[in-house]
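Participant: Chains as they are written, first to last, in the numbering used here: chain A, 341 to 451; chain B, 78 to 186.
Note that the Cβ used here is the ideal one computed from N, Cα and C, for glycine as well.
This is the structure I want to talk about, given as C-alpha cells.
Written as C-alpha cells, this is what we have:
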C-alpha cells in the first residue's frame, strides 16, 4: 500500500536515448510534482500538475515532457538524454497546498 | 542570493545530544515552513509543518520559525542513531516547494 510509487527505481541508459518514468499515487491527492535531485543532493521543482492541468513549469529543457493521464498518475518523458540529466527524479503529491508526499525516486544514469 | 540557505554540514554528534538545524530565507512571501528527513536512497518524508512564527513540538522534535529574522530551526532532543539522515528545510513559493540544500546529520552510539 505504497502512497507514491515510481517506476523504474533505477534506469541506466545511453546518451541520446528517450526514456519515461512513471508515477502513481493512491492518496486521493489532486496535485502532483516532479523534482530533480542532483549529485549534491539539491532538490529542485521541475513541474506541477493540478487536476491534470500543468501549473508549474520551471526552467526545464523542452526535452522533458510531463504527462498526466488522470489525477493519480504523472509520467515524465525525456528525449535525447544528456549526461547532465543523470540525477535522482522524485515524484510527489499533495492535496492543494498541503505538505507533499514523496516517492522513493528514480535513479537515472546516463552512460 | 539563494532563496533558501542551509548549511550542508556534515554534522556529527554523540547519541543523546541536542541537535540544532537551521535555515535562512530571503523571500518574505514564504508562509508555510516544513522540515523533511531523507534517509539514503529514500524519498524525503515530512517531519514538521508550521505556518506562523513561534514553536511547534512533536515528540523529540521542535520546529521554530522567526519570520522577522527570516530564520527557521529544527531541534532534535535526545538524538538517536536512527536520526542519522539528511534534513531538508522547505517553504512554499506559490504551489512549489523550495528546498534548502539539506544538512547531513550523523549520530554515533
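Can you tell me whether DSSP reads residue 424 (chain A) as helix, strand or coil?
Facilitator: In the first chain, counting from the first residue as 1, residue 424 (chain A) sits at position 84. Looking at residue 424 (chain A) - three-state DSSP - the assignment turns out to be helix.
Participant: So what does DSSP say about residue 158 (chain B), is it helix, strand or coil?
Facilitator: Taking the first residue of the second chain as 1, we reach residue 158 (chain B) at position 81. The answer is helix: DSSP assigns residue 158 (chain B) an H, G or I state.
Participant: Quick one: Cα of residue 407 (chain A) to Cα of residue 93 (chain B), how far?
Facilitator: Taking the first residue of the first chain as position 1, residue 407 (chain A) is located at position 67. Taking the first residue of the second chain as position 1, residue 93 (chain B) is located at position 16. Approximately 47 Å, taken between the alpha carbons.
Participant: Would you call the region 357 to 375 of chain A and the region 441 to 451 of chain A in contact, with 3 or more CB pairs under 8 Å?
Facilitator: Verdict: yes, contact present.
Participant: Return the CA-CA distance between residue 379 (chain A) and residue 451 (chain A), expressed in angstroms with no decimal places.
Facilitator: One-based indexing of the first chain puts residue 379 (chain A) at position 39. One-based indexing of the first chain puts residue 451 (chain A) at position 111. When rounded, the distance between both Cα atoms is 15 Å.
Participant: Taking residue 415 (chain A) as part of the beta strand (DSSP E), name the residues at either end of that continuous run.
Facilitator: Along the first chain, read from residue 1 onward, the residue named residue 415 (chain A) stands at position 75. It spans 413 to 418 - the beta strand (DSSP E) in which residue 415 (chain A) sits, taken as one unbroken run.
Participant: Note the first and the last residue of the continuous beta strand (DSSP E) segment covering residue 397 (chain A).
Facilitator: As a position in the first chain, residue 397 (chain A) is number 57, starting the count at 1. Its beta strand (DSSP E) spans residues 393 to 397.
Participant: With DSSP run on the structure shown, which of helix, strand or coil describes residue 376 (chain A)?
Facilitator: As a first step, residue 376 (chain A) must be located in the first chain, where it is residue number 36. The answer is strand: DSSP assigns residue 376 (chain A) an E or B state.
Participant: Does the beta carbon of residue 121 (chain B) come closer than 8 Å to any beta carbon on chain A?
Facilitator: Within the second chain, residue 121 (chain B) is the residue found at index 44, counting from 1. Answer yes: the Cβ-Cβ gap between residue 121 (chain B) and chain A drops below 8 Å somewhere.
Participant: Whole angstroms are fine: how far does the CA of residue 181 (chain B) sit from the CA of residue 163 (chain B)?
Facilitator: Residue numbering aside, residue 163 (chain B) sits at position 86 when the second chain is read from its first letter. Residue numbering aside, residue 181 (chain B) sits at position 104 when the second chain is read from its first letter. Their backbone Cα atoms lie some 4 Å apart in a straight line.
Participant: So what's residue 348 (chain A) in DSSP terms, helix, strand or just coil?
Facilitator: Indexing the first chain from 1 puts residue 348 (chain A) at position 8. Coil, per DSSP.
Participant: For residue 126 (chain B), go through chain A and note every residue whose CB falls closer than 9 Å to its CB, in chain order.
Facilitator: Along the second chain, one-based indexing puts residue 126 (chain B) at 49. Chain A residues near residue 126 (chain B): 438, 439.
Participant: Could you pull the start and end residues of the beta strand (DSSP E) that residue 83 (chain B) belongs to?
Facilitator: By one-based count along the second chain, residue 83 (chain B) stands at place 6. From DSSP, the beta strand (DSSP E) with residue 83 (chain B) extends over 81 to 83.
Participant: Does the beta-carbon distance from residue 396 (chain A) to residue 385 (chain A) come in below 8 Å?
Facilitator: As a working note, residue 396 (chain A) is residue 56 in the first chain. As a working note, residue 385 (chain A) is residue 45 in the first chain. Yes, these two residues count as a Cβ contact at 8 Å.
Participant: Suppose you measure from the CA of residue 105 (chain B) to the CA of residue 153 (chain B); what does that come to, to the nearest Å?
Facilitator: The residue you call residue 105 (chain B) lines up with position 28 of the second chain. The residue you call residue 153 (chain B) lines up with position 76 of the second chain. One C-alpha to the other measures close to 26 Å.
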